[in-house]
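All residue numbers for the sequence shown refer to my numbering, where the first residue is 7 and numbers rise by one.
Take a look at the structure below.
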Amino acid sequence: MVQVNGIEFTQNLVPTSKYSIKCPNVMVAKKITVHNTYNDAKASNEVSYEVTNANQVSFHVAVDDLGAMQGIPLNRNAWHCGDGANGYGNRNTIGVEICYSKSGGSKYTKSEQNAIKYIAGLCVQQKIVATVDTIKKHEDWSGKHCPHRILDEKRWGSVQKAIIDEYNRITKAPSKPETTPSKPSTGGSIVDYLNSKKIDSSMANRKKLAAKHGIANYTGTAAQNTALLNKLKASAAPAPSKPAQSSYKGNSLVDYLVSVKKASDFSARAKYATQNGIKSYKGTAAQNTQLLKKMRGF
Ligand SMILES: [Zn+2]
7 MVQVNGIEFT
17 QNLVPTSKYS
27 IKCPNVMVAK
37 KITVHNTYND
47 AKASNEVSYE
57 VTNANQVSFH
67 VAVDDLGAMQ
77 GIPLNRNAWH
87 CGDGANGYGN
97 RNTIGVEICY
107 SKSGGSKYTK
117 SEQNAIKYIA
127 GLCVQQKIVA
137 TVDTIKKHED
147 WSGKHCPHRI
157 LDEKRWGSVQ
167 KAIIDEYNRI
177 TKAPSKPETT
187 PSKPSTGGSI
197 VDYLNSKKID
207 SSMANRKKLA
217 AKHGIANYTG
227 TAAQNTALLN
237 KLKASAAPAP
247 SKPAQSSYKG
257 NSLVDYLVSV
267 KKASDFSARA
277 KYATQNGIKS
287 YKGTAAQNTQ
297 LLKKMRGF
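Following this line, the structure appears as structure tokens:
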């Protein structure tokens, strides 16, 4: 099962025969448009209705209390902004519907919470930096009173901020700086060499290293340093490549990839699988778990 930022993600994609009605144009999404369904149906019903009817009305993803379901490819436009065939909203933004908004209640609250997390993850996937300029509401494009419940409750500012905060949280650089691969030292200085390997180059530590490598009575002479340098270089095993630092500890490969800012789409995962010796990658749960272990190191 696939998750996006911890939210269950499924698809019921519109058949290509309906592209001309539902999503005629190729699109590189630049922003997200948030909607309320003004209905009390679950996401799978919203999407199945969308992809089977013949109306020129469409949205990309519906989110309910259980997860997110996609109906329109994210690289095609959908008709959800009411700003016309060439409107910016219709042609450049991904439409996300939040379910159960008509009656509200706990299912709606959970749907909205899920949408906040999902949209933050979606922004990462789509390389959209979440800001007040990229997280838009339907109303911004056509003046329609949507997302109606959020507007009625005067919470647009806080919902928008919650999405941006969540995006910032999951994209925040890990607290530890990324280790840069050390360049092989070509110079003759033992200190430079140790520094390049991020090894303590103090006299005390060099003395220890010298003793370990059979250099007696190390006092730091040029000859001893050269001897030590040669021994260290000779015994240096190729450094294992460190997995990228991530604070993510969960079990979702996609979430892990998002947390280390790597592409998480299927073709990228297939490539990582090949690189990590996993043959015939099909994206099964077992393969994803195996790949996560290999990439993260646990
Ligand atoms: Zn709307």
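Cβ coordinates follow ideal geometry from the N, Cα and C atoms, glycine included.
*Terminal residues of the continuous beta strand (DSSP E) containing M75?*
A74 to Q76
*Which residue comes first and which comes last in the beta strand (DSSP E) that contains N257?*
Careful: N257 lies outside any beta strand (DSSP E) and carries neither H nor E.
*Taking 7 Å as the line, does the beta carbon of C152 fall inside it for any heavy atom of ligand 1?*
yes
*In the DSSP assignment, find the alpha helix (DSSP H) that holds F272 and state where it starts and stops.*
F272 to Q281
*How about H66: is its Cβ closer than 7 Å to a heavy atom in ligand 1?*
no
*Roughly how many angstroms lie between the CA atoms of L80 and D198, to the nearest whole one?*
50 Å
*asked:* Any contact between the segment 123 to 139 and the segment 7 to 15? By contact I mean 3 or more CB pairs, one from each, below 8 Å.
replied: yes
*Decide if N294 is buried, meaning its Cβ has at least 16 other Cβ atoms within 10 Å, or exposed.*
buried
_Any alpha helix (DSSP H) of 4 or more consecutive residues that is wholly inside the segment 16 to 86_ = 25 to 28 and 49 to 58
*Which residues mark the beginning and the end of the alpha helix (DSSP H) in which V8 is found?*
Taken as a continuous stretch (DSSP letters only), V8 belongs to no alpha helix (DSSP H), being part of the beta strand (DSSP E) at V8 to V10.
_Where the alpha helix (DSSP H) through E172 begins and ends_ = W162 to T177
*In this structure, does DSSP put G127 in helix, strand or coil?*
helix
*Closest residue to K28 among S164, V53 and N211 (Cα-Cα distance)*: V53
_Going by the DSSP bridge assignment, what does I100 pair with across the sheet?_
I38
*My understanding is that S270 touches Q131, with C-beta atoms under 8 Å, so please give their C-beta distance in whole angstroms.*
6 Å
*Give the secondary structure of K204 by DSSP, where H, G and I count as helix, E and B as strand, and everything else as coil.*
coil
*Three or more beta-carbon pairs under 8 Å between the segment 75 to 93 and the segment 17 to 32, yes or no?*
yes
*Comparing alpha-carbon positions, which option in C105, F304 and S286 lies nearest Y262?*
F304
*asked:* Tell me whether D206, by its Cβ, gets closer than 7 Å to a heavy atom of ligand 3.
replied: In the structure on display, ligand 3 does not appear, and the ligands it does have are ligand 1.
*Consult DSSP for E159 and reduce its assignment to one of helix, strand or coil.*
coil
*Can you check DSSP and say which residues form a bridge with K143?*
V40
*Please check the pair T305 and C87, which I expect to be a contact at CB under 8 Å, by giving their CB distance rounded to whole angstroms.*
Because the chain is modelled from 7 through 304, residue 305 falls outside the range shown and cannot be assessed.
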